[in-house]
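As structure tokens, the structure follows; a few thoughts come after it.
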Amino acid sequence: MPEALGPYLPTRASILLSVIFAIAVYALSFVGTIRQITKLADPFFETRDEGTVQLPFGLSFRMQERYIAHALLYILLAINVAQVLATVLLNQWNNRFYTALQQRAEATFWVELQYFTVVAFLWVILAVYELYLTQYTQMRWRRWMTGRMTGHWLDEGGHYRMRLAGSQADNPDQRIAEDIRMFTENTLALMIRFFSAILSLYAFVLILWGLSASFKYNVLGIDLESIPGYLVYAALFVAIFGTVCAHLIGRKLIGINFLRQRYEADFRYNLVRVRENDEQIALLKGEPAEGQGLASRFAKVASPSCCWPRPISPAPCSWVR
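Numbering of the sequence shown is given in the working numbering, commencing with residue -1 and proceeding in unit increments.
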């Protein structure tokens, strides 16, 4: 192996971290919630339906929707890799820039300022295109999934048979309109953030490991410098502690949000029903009865059970959100 390639080869620590992350991601694929999300998401990335891609200058082409979805996903992942690289470069620049300020090195100061301008400009471009492509992918996914679910709902009078059978799928109109939007937006956003977090963790763990030897701290008579990579362990402890606290405080929000969406859908449905039957209600002087019905349904929306299931301050909900 040529010695010139040595600086560009992965270190043993980076290889070990890559293996650990790969095993962790593979283990997550067996979690029940992840498997349910995958079951709902896979059809979009496997469909053979034809889709149209609009290009600038009025150009367009057609291909299978799954190929478009895969291409958009790979582009988003590549953008995130570039963003993490830019973040690492800015982290290294931060050290050089403030060292130049401390040493009053004017020439180095202007060079580093120009370097920051270029990297920050590229990072902003990447962020803008990531936002645009994310929203574009979410809309394509939502449009395809809405068409699929609407087709199932209307197939062979399914919408009517669901009501006769007393199906537990309440407010299917709200599920199609709102839940599909939330599913596509949140699933794609969380997946991209998770991928970016893994890359950032991989990049900055190596940086923290190297910096651990430079920071000398003594806690309770223990010389932390003697512990290899103690900054990494400290960062992991803080992250795990914060995650556990957020989970313990915010896990109640799952059921609360579900109830709130149901009550909101019921209230909205009855408002639409009043509008569609306005003539009959006016002729029969049914406004007081309808008003009482709307008030009782909105009372469920505004009830404390939609904010927090226990008689405590709802402030923790805001912290978790």
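The C-beta atom is built at its ideal place from N, Cα and C for all residues, glycine as well. Predicted model only: the values in this text are computed from it and were never measured.
Inset, instruction - Say whether the segment 283 to 303 touches the segment 244 to 262, bearing in mind that this needs 3 or more beta-carbon pairs closer than 8 Å, one atom from each stretch. - result: yes
Legend entry - Extent of the continuous beta strand (DSSP E) run through residue 59: Taking the sequence shown and counting its residues from 1, one reaches residue 59 at position 61. Note, residue 59: beta strand (DSSP E), 58 to 62.
Legend entry - Candidates 95, 102, 53, 251, of which the one nearest residue 111 by Cα: Start at 1 with the first residue of the sequence shown, and residue 111 comes out as number 113. Of the listed residues, the one whose Cα sits closest to residue 111 is 95.
Legend entry - CB of residue 210 within 8 Å of CB of residue 82, strictly: Working through the sequence shown from its first residue, we reach residue 210 at position 212. Working through the sequence shown from its first residue, we reach residue 82 at position 84. Result no, Cβ atoms of residue 210 and residue 82 do not sit closer than 8 Å.
Inset, instruction - Could you name the residues of the same chain whose beta carbon sits closer than 7 Å to that of residue 184, not counting the 5 residues immediately before and after it, in chain order? - result: Taking the first residue of the sequence shown as position 1, residue 184 is located at position 186. Around residue 184: no qualifying Cβ.
Legend entry - Sufficient close CB pairs (3 or more, under 8 Å) joining the segment 275 to 282 to the segment 243 to 257: no
Legend entry - Integer-rounded CB distance, given that residue 142 should sit under 8 Å from residue 63: On the sequence shown, position 65 is the one that residue 63 refers to. On the sequence shown, position 144 is the one that residue 142 refers to. Their Cβ separation, rounded to whole angstroms, is 6 Å, which keeps residue 63 and residue 142 in contact under 8 Å.
Legend entry - Contact check, residue 74 vs residue 31, beta carbons under 8 Å: Here residue 74 is taken as the residue at index 76 of the sequence shown, counted from 1. Here residue 31 is taken as the residue at index 33 of the sequence shown, counted from 1. Taking 8 Å as the Cβ cut-off, residue 74 and residue 31 do not qualify as a contacting pair.
Legend entry - Outcome for residue 65 when other beta-carbon atoms lying within 10 angstroms are tallied against a minimum of 16: Within the sequence shown, numbered from 1, the residue matching residue 65 stands at position 67. Classification for residue 65: exposed.
Legend entry - Cross-strand partners of residue 144 (DSSP beta bridge): Taking the sequence shown and counting its residues from 1, the one referred to as residue 144 is at position 146. For residue 144, which the question treats as bridged, DSSP gives no partner whatsoever.
Legend entry - Endpoints, beta strand (DSSP E) assigned at residue 227: Against the sequence shown, residue 227 aligns to sequence position 229. Element bounds for residue 227: n/a, residue is neither H nor E.
Legend entry - Residue range of the unbroken alpha helix (DSSP H) whose run includes residue 285: Within the sequence shown, residue 285 is the residue found at index 287, counting from 1. Here the alpha helix (DSSP H) through residue 285 covers 285 to 299.
Legend entry - Cβ-based neighbour list, residue 176, same chain, cut-off 8 Å, excluding 5 preceding and 5 following: On the sequence shown, position 178 is the one that residue 176 refers to. These residues qualify, in order along the chain: 259, 263.
Inset, instruction - Output the distance between the C-alpha atoms of residue 120 and residue 169, rounded to the nearest integer angstrom. - result: Counting from 1 along the sequence shown, the entry for residue 120 is found at position 122. Counting from 1 along the sequence shown, the entry for residue 169 is found at position 171. Their Cα atoms are separated by approximately 46 Å.
Legend entry - Limits of the unbroken beta strand (DSSP E) element including residue 50: Numbered from 1 along the sequence shown, position 52 holds the residue referred to as residue 50. Residues 48 to 52.
Legend entry - Neighbourhood of residue 147 by C-beta, 6 Å cutoff - its chain only, sequence neighbours within 5 removed: Taking the sequence shown and counting its residues from 1, one reaches residue 147 at position 149. Counting only Cβ-Cβ distances below 6 Å, and skipping sequence neighbours, we find 174.
Inset, instruction - Could you tell me whether any non-hydrogen atom of the ligand PLP is closer than 7 Å to the CB of residue 139? - result: Summarising the ligand content, the structure contains no ligands, and the ligand PLP is consequently not present.
Legend entry - Cβ-based burial, residue 327 [other Cβ within 10 Å; buried from 16]: The chain is shown only over -1 to 319; residue 327 falls outside these bounds and no answer can be derived.
Inset, instruction - Answer with buried or exposed for residue 135, where buried requires no fewer than 16 other C-beta atoms within 10 angstroms of its C-beta. - result: Position 137 of the sequence shown, counting from 1, holds the residue named residue 135. Looking at its Cβ environment, which holds 16 or more other Cβ atoms inside 10 Å, residue 135 is buried.
Inset, instruction - Compare the C-alpha of residue 233 against each of 253, 207, 255, 245 and name the closest. - result: Locating residue 233 in the sequence shown gives position 235, where the first residue counts as 1. With distances taken between Cα atoms, residue 233 lies closest to 207.
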